[in-house]
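Inspection log for the structure reproduced underneath, given as structure tokens.
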Amino acid sequence: MRTDSPKTIYRKDYTPPSYLVETVELGFDLDPACTIVASRVQLRHNPDSKSRDLVLHGEAIELVALRMNGRELNPDQYIIDNNILTIRNAPVNVLLEIETTCVPMENTTLSGLYTSGSGFYTQCEAEGFRRITYFPDRPDVMARYTVMLRADKQQYPVLLSNGNLLEEGDLGDGRHYAKWEDPFKKPSYLFALVAARLVCQEEKYKLKSGREVLLQVWVEEGNLDKTDYAMQSLKNSIRWDEERWGLELDLDRFMIVAVSDFNMGAMENKGLNIFNTKFVLANPRTATDIDYSGIEAVVGHEYFHNWTGNRVTCRDWFQLSLKEGLTVFRDQEFSADMIGTDSGRAVTRIDQVRTLRQAQFPEDAGPMAHPVRPDSFVEINNFYTVTVYEKGAEVVRMYQTLLGREGFRKGMDLYFERHDGQAVQCDDFRAAMADANERDLKQFERWYSQAGTPVVSVSGHHDGARQVYELTLRQSCPATPGQRDKKPFHIPVAVGLLGSDGKDLPLTLGGKALGTTAVLELTAAEQTFRFEGVAHAPVPSILRDFSAPVVLEYPYSDEELLHLFRYDSDPVNRWEAGQRLAMQRLLSLAQAVLDNKPLQLDDTYVAALRAVLTDKELDAAFREQCLILPSETIIAEQMEVVHPQAIHSARQFMRHAIGTALRAELLQVYGDNATPGPYSPDAISAGKRGLKNVALAYLLVQPNTEAVKLAGEQFAAASNMTDRAAALSSLIHSGADAGKQLDAFYTDFKGEALVVDKWFAMQGSAPHTNVAKVRELMKHPAFTLKNPNRARSLLFSFCNNNPSQFHAADGSAYEFWAEHVIKLDALNPQVAARLARSMDRWRRYAPALQIHMRHALEKVAAATPLSNDVMEVVSKALS
Ligand code: 0A1
Ligand code: ZN
Numbered sequence: 001m002r003t004d005s006p007k008t009i010y011r012k013d014y015t016p017p018s019y020l021v022e023t024v025e026l027g028f029d030l031d032p033a034c035t036i037v038a039s040r041v042q043l044r045h046n047p048d049s050k051s052r053d054l055v056l057h058g059e060a061i062e063l064v065a066l067r068m069n070g071r072e073l074n075p076d077q078y079i080i081d082n083n084i085l086t087i088r089n090a091p092v093n094v095l096l097e098i099e100t101t102c103v104p105m106e107n108t109t110l111s112g113l114y115t116s117g118s119g120f121y122t123q124c125e126a127e128g129f130r131r132i133t134y135f136p137d138r139p140d141v142m143a144r145y146t147v148m149l150r151a152d153k154q155q156y157p158v159l160l161s162n163g164n165l166l167e168e169g170d171l172g173d174g175r176h177y178a179k180w181e182d183p184f185k186k187p188s189y190l191f192a193l194v195a196a197r198l199v200c201q202e203e204k205y206k207l208k209s210g211r212e213v214l215l216q217v218w219v220e221e222g223n224l225d226k227t228d229y230a231m232q233s234l235k236n237s238i239r240w241d242e243e244r245w246g247l248e249l250d251l252d253r254f255m256i257v258a259v260s261d262f263n264m265g266a267m268e269n270k271g272l273n274i275f276n277t278k279f280v281l282a283n284p285r286t287a288t289d290i291d292y293s294g295i296e297a298v299v300g301h302e303y304f305h306n307w308t309g310n311r312v313t314c315r316d317w318f319q320l321s322l323k324e325g326l327t328v329f330r331d332q333e334f335s336a337d338m339i340g341t342d343s344g345r346a347v348t349r350i351d352q353v354r355t356l357r358q359a360q361f362p363e364d365a366g367p368m369a370h371p372v373r374p375d376s377f378v379e380i381n382n383f384y385t386v387t388v389y390e391k392g393a394e395v396v397r398m399y400q401t402l403l404g405r406e407g408f409r410k411g412m413d414l415y416f417e418r419h420d421g422q423a424v425q426c427d428d429f430r431a432a433m434a435d436a437n438e439r440d441l442k443q444f445e446r447w448y449s450q451a452g453t454p455v456v457s458v459s460g461h462h463d464g465a466r467q468v469y470e471l472t473l474r475q476s477c478p479a480t481p482g483q484r485d486k487k488p489f490h491i492p493v494a495v496g497l498l499g500s501d502g503k504d505l506p507l508t509l510g511g512k513a514l515g516t517t518a519v520l521e522l523t524a525a526e527q528t529f530r531f532e533g534v535a536h537a538p539v540p541s542i543l544r545d546f547s548a549p550v551v552l553e554y555p556y557s558d559e560e561l562l563h564l565f566r567y568d569s570d571p572v573n574r575w576e577a578g579q580r581l582a583m584q585r586l587l588s589l590a591q592a593v594l595d596n597k598p599l600q601l602d603d604t605y606v607a608a609l610r611a612v613l614t615d616k617e618l619d620a621a622f623r624e625q626c627l628i629l630p631s632e633t634i635i636a637e638q639m640e641v642v643h644p645q646a647i648h649s650a651r652q653f654m655r656h657a658i659g660t661a662l663r664a665e666l667l668q669v670y671g672d673n674a675t676p677g678p679y680s681p682d683a684i685s686a687g688k689r690g691l692k693n694v695a696l697a698y699l700l701v702q703p704n705t706e707a708v709k710l711a712g713e714q715f716a717a718a719s720n721m722t723d724r725a726a727a728l729s730s731l732i733h734s735g736a737d738a739g740k741q742l743d744a745f746y747t748d749f750k751g752e753a754l755v756v757d758k759w760f761a762m763q764g765s766a767p768h769t770n771v772a773k774v775r776e777l778m779k780h781p782a783f784t785l786k787n788p789n790r791a792r793s794l795l796f797s798f799c800n801n802n803p804s805q806f807h808a809a810d811g812s813a814y815e816f817w818a819e820h821v822i823k824l825d826a827l828n829p830q831v832a833a834r835l836a837r838s839m840d841r842w843r844r845y846a847p848a849l850q851i852h853m854r855h856a857l858e859k860v861a862a863a864t865p866l867s868n869d870v871m872e873v874v875s876k877a878l879s
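Numbers 1 to 879, taken from UniProt numbering, label the letters of the sequence shown in order.
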């Protein structure tokens, strides 16, 4: 909670730590009501620092004793102010012995040491270690850790920490101990411990080098039937990191632990990854295809951090994207490689583009906009954002696009060669890429320093007489908070040209043959590229594979888009053409709703969709992507003034019109894409289920006897959660009476927390669920605000995924939002601050809504006490 007024921290103010830590010995006497932490820290003055003040962080802990070099320090020999303990003028070599206590069972923030169920868990990134003991809790202080855990043996039979188990045994009094040592030096944010009643699936795994390692997935009793996929994903990750990057697991033991109370997805603690159960537990009965692919991605992500994050870490938290952008890029590539086909890879790319448009572009255009490498923050936990993660991954991807796969690999190799064991900056990564390839990547730095989504406007000109086709590219970038004028970015724009037969033309630029896709490097505000030997006016396919995180403007005609939607050899741009066709229609329909005009959908568009839907040459997963219309949030971003109900009506009308016009084809596709036999989460089967279920949703935009029956049958007969949840969701979203199925679903799965989350989430996002219904659902015995997954399942679904109800004209849902941001804040500021972000784009809404929104924001801002986390979000929104 806030003690002083929130302080902004600036990147430019970085100074090196005054003391470095050599070794840390930690002793824990674990007790939920009072845990005693004894720490012995060997420090040495850092020659790079002029200061001799030894600075330690500490938060929400009691200091019991402090000794320096064997002598007890009296309170007048140190200062504790605002969670910082300073020993002025300390000697060069310091041995600190510190005893503190904390109360894990009262720690609802889930940062530091806390209890979940009947166990102890830690979360130290970004600044949680200081909630365990006094320490220089900053990522550029790396040290070797030895950890002794003591706890009641009956209640906490499993005692885990980072690295290798040195010894374990009984203490006589019903307690037992385990001693762990991590052979690698690490920053404090990678420390972890677990003490709980758990069981594990384990396996010995042989690395390519022949070395054997022990892999373990730890879960609560009763969940061992849900660990196979996480274990398989871990093995695949290890193999992939060896094969694609030459990176080997450096430990003899690698553990994953699942915990049901967790703020984020998972955490890459050295050798002891702690995961939200959502990204570990899966079997066909309880998990959907999306859950399976989430598990693969997150297991990969945390494992890949071992090199990109742990071996090479961040100098300071402004550099967060150094590890996160790079590791997201790596997990994206991993997931794509696991599918293995070009079209499968394209489907993963389409998903990434969707996420950018759904969440990152709005962030980049809103009050919380920040560069990939921020210049300032109040609360670092607010900067685990889609910009740092997903846009950061796009920035890494652009290196690969510019340098080629081989050049990028050379850059990675040099990065590890130079920086293994160090805490470094984004600039060091860029330098490695540039030096390994002898390229000047100076201008590329702007991707790290400038916020906002660049706009690239393109115009084409064909000169038949000279057989030349010219593309002129102009770039600009909107102002963002604190950054009015932007300088041009270095943007890779992948381009192809389609002939009238739909085939790619061979490309020649300046006499050089470039194949059928050329990567144009846009570095100036305006540049013209002249393709030679182009006899007839082509249709340009621009930004292939979404080669840069920008908004592309090109005055495409319907005919040109239909041509691309039919023929583009680049699947991402083929999909994109379909999205553009849909968006144009959605925007006119929304306008027609506002103008009270009749709504109509043209046959041309429907015919184009029919062609894709029924094209059996295309993967089911790709056809599914093409059928999904831009979301209400993405449509809203295209409107000058946002009218959520008009958008909802327009999109529902269009879905209904498509469902009606293509009824026969949808039924056919539904029947053709059954996946009989035992469930498998592989991409082909998942794609079929995806297509089948999107077809069902189109048939059931509104309740009708035939489709309700179909969904009811699917629900009753489903042999896996993907089909069962899709059927139920279609029913609820259509507004059909699904009371019976909802009850049955709850009864069948009430013992499965992750499935109960789905039950709440489906209802929270259904367009018929208003705020009164949400309040009623919150009274359900299974609802609690204390568990982040549960809170997210209902509140976040409603506030973020149910725009037509969240933006109810009377402002009642905004009031509900304010009330719950405040309530959550008292428990868990990180989760509260995420919910607070739902109001980011309030200034874009119709004036009548804005009045209510401002009122709700002001209500939150005026609440006391209020965390820095929430304060930062709402004050930026209001400023
Ligand atoms: N480094 C983790 C994300 C993470 C960040 C903060 C957390 O607690 C406040 C937990 C996890 C990752 O990228 O997976
Ligand atoms: Zn990460």
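Glycine is no exception: its CB is placed at the ideal position from the N, C-alpha and C atoms.
Remember, it's a predicted structure, so these values are computed and weren't measured experimentally.
For this session: Would you list the one or two residues that DSSP bridges to H461?
Result: The count along the sequence shown starts at 1 and reaches residue 461 at position 461. Answer by DSSP bridge pairing, in chain order: E470.
For this session: Tell me whether residue 881 sits in a helix, a strand or coil according to DSSP, three-state version.
Result: Only positions 1 to 879 of the chain appear in the structure, and residue 881 is not among them; the question remains open.
Problem set entry | Separation of F361 from G460, as counted between CA atoms | As a position in the sequence shown, residue 460 is number 460, starting the count at 1. As a position in the sequence shown, residue 361 is number 361, starting the count at 1. Between G460 and F361, the C-alpha separation is close to 26 Å.
Problem set entry | Neighbour-count burial assignment, M105, 16 or more Cβ in a 10 Å radius | Here the question's residue 105 lines up with position 105 in the sequence shown. With fewer than 16 other beta carbons inside 10 angstroms of its own, M105 counts as exposed.
For this session: With a 10 Å radius around its C-beta and 16 neighbouring C-beta atoms as the bar for buried, classify C34 as buried or exposed.
Result: To locate residue 34, count along the sequence shown from 1; it is residue 34. With a threshold of 16 other beta carbon atoms within 10 Å, C34 falls short and is exposed.
Problem set entry | Range covered by the beta strand (DSSP E) that runs through G739 | Position 739 of the sequence shown, counted from the start, is the residue given in the question as residue 739. Residue range G739 to F749 is occupied by the alpha helix (DSSP H) that includes G739, with no beta strand (DSSP E) assigned at that position.
For this session: Between the Cα of A718 and those of T286, E202, G246 and P16, spot the shortest distance and give me the residue it belongs to.
Result: Locating residue 718 in the sequence shown gives position 718, counting from the first residue. The option with the nearest alpha carbon to A718 is T286.
Exercise. Using 8 Å as the threshold, is the region 659-679 in touch with the region 394-409, meaning 3 or more CB pairs across them?
Worked result: no
Exercise. Residue 908: beta carbon under 7 Å from a heavy atom of the ligand ZN?
Worked result: In the structure as shown, the chain begins at 1 and stops at 879. Residue 908 is therefore absent and cannot be evaluated.
Exercise. Listed in chain order, which residues are found with a beta carbon closer than 5 Å to a heavy atom of the ligand ZN?
Worked result: Going along the chain, the residues that qualify are E324 and T327.
Exercise. Q830 to L609, Cα distance in whole Å?
Worked result: Taking the sequence shown and counting its residues from 1, one reaches residue 830 at position 830. Taking the sequence shown and counting its residues from 1, one reaches residue 609 at position 609. Straight-line Cα distance between these residues: approximately 43 Å.
Exercise. With respect to the beta strand (DSSP E) encompassing V870, which residues constitute its N-terminal and C-terminal limits?
Worked result: Counting from 1 along the sequence shown, the entry for residue 870 is found at position 870. That residue, V870, is in no beta strand (DSSP E); its alpha helix (DSSP H) goes N868 to L878.
Problem set entry | Endpoints, alpha helix (DSSP H) assigned at P571 | In the sequence shown, the residue the question calls residue 571 occupies position 571. Note, P571: alpha helix (DSSP H), P571 to L594.
Exercise. Can you check whether the CB of P6 is closer than 8 Å to the CB of N46?
Worked result: Along the sequence shown, read from residue 1 onward, the residue named residue 46 stands at position 46. Along the sequence shown, read from residue 1 onward, the residue named residue 6 stands at position 6. Not in contact: N46 and P6 (Cβ atoms no closer than 8 Å).
Exercise. According to DSSP, what are the bridge partners of V353?
Worked result: Within the sequence shown, the letter at position 353 stands for residue 353. DSSP, once it has assigned bridges, lists no residue as partnering V353.
For this session: Enumerate in chain order the residues of its own chain whose CB-to-CB distance from H648 is below 8 Å, with the five nearest sequence positions on each side excluded.
Result: In the sequence shown, the residue the question calls residue 648 occupies position 648. E632, P767, P803 and S804, listed in sequence order.
Exercise. Near W575, what residues of its chain come up, given a Cβ to Cβ distance below 7 Å and the 5 sequence neighbours on each side ignored?
Worked result: To locate residue 575, count along the sequence shown from 1; it is residue 575. Contacts found: I350, Q625 and C626.
For this session: Consider the C-beta atom of M255 and the heavy atoms of the ligand 0A1; say whether any pair is separated by less than 7 Å.
Result: As a first step, residue 255 must be located in the sequence shown, where it is residue number 255. Not so, every heavy atom of the ligand 0A1 lies at least 7 Å from the Cβ.
For this session: Ignore the nearest five residues each way along the sequence and tell me which others in D825's own chain have a CB closer than 7 Å to its CB.
Result: By 1-based counting over the sequence shown, the position of residue 825 is 825. Answer for D825: A832, L866, S867 and V870, listed in chain order.
Exercise. Which residue's Cα is closest to the Cα of W447: A432, L514 and V388?
Worked result: The count along the sequence shown starts at 1 and reaches residue 447 at position 447. For the residues A432, L514 and V388, the minimum Cα distance to W447 belongs to V388.
Exercise. Where does Y229 sit, in a helix, a strand or coil, going by DSSP?
Worked result: Here residue 229 is taken as the residue at index 229 of the sequence shown, counted from 1. Y229 falls in the helix class under three-state DSSP.
Exercise. DSSP three-state call for K12: helix, strand or coil?
Worked result: The count along the sequence shown starts at 1 and reaches residue 12 at position 12. DSSP places K12 in helix when its eight states are reduced to three.
Problem set entry | H301 Cβ short of 7 Å to the ligand 0A1 heavy atom set | Residue numbering aside, residue 301 sits at position 301 when the sequence shown is read from its first letter. Yes, Cβ of H301 sits closer than 7 Å to a heavy atom of the ligand 0A1.
For this session: Kindly confirm or deny that the region 297-305 and the region 257-271 touch, where touching means at least three C-beta pairs closer than 8 Å.
Result: yes
Exercise. Would the C-beta of G265 count as close to the ligand 0A1, meaning under 7 Å from any of its heavy atoms?
Worked result: The residue given as residue 265 occupies position 265 in the sequence shown. Result yes, Cβ under 7 Å from the ligand 0A1.
Exercise. Just checking, does the region 313-320 make contact with the region 705-725 on the three C-beta pairs under 8 Å criterion?
Worked result: no
Exercise. With distances taken between CB atoms, is the gap from T348 to A359 smaller than 8 Å?
Worked result: As a first step, residue 348 is located in the sequence shown; it is residue number 348 there, counting from the start. As a first step, residue 359 is located in the sequence shown; it is residue number 359 there, counting from the start. No, the Cβ-Cβ distance between T348 and A359 is not below 8 Å.
For this session: Return the bridge partner residues of K179 from the DSSP annotation.
Result: On the sequence shown, residue 179 is found 179 positions in, with the first residue counted as 1. In the DSSP output, where bridge partners are listed per residue, K179 has M148 and E167.
Exercise. Pick from F529, L589, L696 and R775: whose alpha carbon is nearest that of E665?
Worked result: In the sequence shown, residue 665 corresponds to position 665, counting from 1. It is L696 whose Cα lies nearest to the Cα of E665.
Exercise. Taking 7 Å as the cut-off, is the CB of Y156 close to at least one heavy atom of the ligand 0A1?
Worked result: Numbered from 1 along the sequence shown, position 156 holds the residue referred to as residue 156. Checking every heavy atom of the ligand 0A1 against the Cβ of Y156, none is found closer than 7 Å.
For this session: Check whether the Cβ of Q319 lies closer than 7 Å to any heavy atom of the ligand 0A1, and answer yes or no.
Result: Taking the first residue of the sequence shown as position 1, residue 319 is located at position 319. Relative to the non-hydrogen atoms of the ligand 0A1, the Cβ of Q319 never comes closer than 7 Å to any of them.
Problem set entry | Exposed unless 16 or more other CB atoms sit within 10 angstroms - verdict on A848 | Here residue 848 corresponds to residue number 848 of the sequence shown, with the count starting at 1. A848 is exposed by the Cβ-count criterion.
For this session: Since I believe S797 is in contact with G764 (beta carbons under 8 Å), could you give me their beta-carbon distance rounded to a whole number of angstroms?
Result: Looking up residue 764 in the sequence shown gives position 764. Looking up residue 797 in the sequence shown gives position 797. Going by Cβ atoms, the distance from G764 to S797 rounds to 3 Å, so yes, they are a contact pair.
Problem set entry | W218: first and last residue of the uninterrupted beta strand (DSSP E) it sits in | Taking the sequence shown and counting its residues from 1, one reaches residue 218 at position 218. Per DSSP, W218 belongs to the beta strand (DSSP E) from E212 to V219.
Problem set entry | Bridge partner(s) assigned by DSSP for F383 | Walking along the sequence shown from the start, residue 383 turns up at place 383. Paired residues: none, contrary to the question.
Exercise. Looking at L564 and N573, is the spacing between their C-beta atoms short of 8 Å?
Worked result: Here residue 573 refers to the residue found at position 573 when the sequence shown is read from its first residue. Here residue 564 refers to the residue found at position 564 when the sequence shown is read from its first residue. Result yes, Cβ atoms of N573 and L564 sit closer than 8 Å.
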